[in-house]
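*Asks:*
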Amino acid sequence: MRLYGMTPDSDPQALPHHISQLRCGLGWDAQLDSALDLDLTVLALGADGTLVDGKRGMIYAGRPRHPSGAIKLLADNLTGEGEGDDEELLVYLLMLPTDIAKLVFVVSIDCGETQKQDFSQTENAFWRILNDANQEVLLQCSLSNAQWQGVTMLLVASLERVDTQWQIVPCVEPAPQKNRNELLHHYLAE
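The opening residue of the sequence shown carries number 2 in my numbering; numbering runs sequentially from there.
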């Protein structure tokens with residue numbers, strides 16, 4: 002990790018004002034014996050902690066673009082084949098509507114619960130966030146952990162708006178939800 006020595010258990014760090022576009026990358030190695038499909042998801046939350054724009058505030062392969070155009074999922078790799086980032090997502094900070102106070106980045110295993118797949122089975126899995134202008138890695142986290150048996154979804158980091166500046170908050174921890182539908186209902190306004 003390169004931003005101010007930041008690691009997944011670091012304190013939040015303010016993003017420099019000159020950073021206006023972020024790129025998130027997700028990568029993992031394909032396995033011959035079990036086809037794991039890792040997926041990127043972003044939740045656009047308001048100050049009250051619920052999804053801004055309702056269901057449209059969850060960006061993932063089935064809804065790859067936020068209504069504002071400020072968040073775009075570029076591709077959905079089903080196998081992890083290929084070098085580098087298998088899935089990528091762009092965040093245009095200056096285009097984010099002002100009612101979005103927080104972005105939560107989530108990585109899940111598609112159908113992990115029903116197919117009995119979890120993060121203890123991933124190989125060389127990682128998530129990272131970069132300054133898209135110069136490809137500087139701001140935070141990179143390993144998502145492969147033999148102790149994550151039964152874990153099908155990870156909260157990897159968040160971006161939080163503090164006054165006029167964004168700060169990155171790393172976490173890398175199992176989510177209490179097991180699938181995207183549970184995640185959606187947790188963050189929808191009652």
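Glycine included, every Cβ here is placed at the ideal spot set by N, Cα and C. Nothing here was measured: the structure is a model prediction, and the numbers come from that model.
(1) Taking 8 Å as the threshold (C-beta atoms), are L155 and V107 in contact?
(2) Quick check: the Cα distance between L185 and Q122, rounded to an integer number of angstroms?
(3) Is it right to say A176 is buried, meaning 16 or more other beta carbons lie within 10 angstroms of its own, or is it exposed?
(4) Report the partner residues of N135 according to the DSSP bridge assignment.
(5) Could I get the ranges of all uninterrupted beta strand (DSSP E) runs contained in the segment 24-49, with 3 residues as the minimum, in chain order?
(6) Out of T42, S145, W128, point me to the one whose CA is closest to V138's CA.
(7) Which of the three DSSP states is assigned to S121 in this structure?
(8) Consult DSSP for K56 and reduce its assignment to one of helix, strand or coil.
(9) Is L90 helix, strand or coil when you go by DSSP?
(10) For L37 and W29, which I take to be in contact (beta-carbon distance under 8 Å), what is that distance rounded to the nearest angstrom?
(11) Among S143, N135, R57, which has the Cα closest to the Cα of T42?
*Replies:* Looking at the coordinates:
(1) yes
(2) About 25 Å.
(3) Residue burial annotation: A176 is buried, with at least 16 other C-beta atoms found within 10 angstroms of its C-beta.
(4) None; N135 has no bridge partner.
(5) Secondary structure within the segment 24-49: the beta strand (DSSP E) runs of 3 or more consecutive residues, fully enclosed, are 39-46 (chain order).
(6) W128
(7) In the structure shown, S121 sits in a helix (DSSP, three-state: H, G or I).
(8) helix
(9) In the three-state reduction of the DSSP assignment, L90 falls in the strand class, which pools E and B.
(10) Contact between L37 and W29 holds: their C-beta atoms lie close to 7 Å from each other, under 8 Å.
(11) R57
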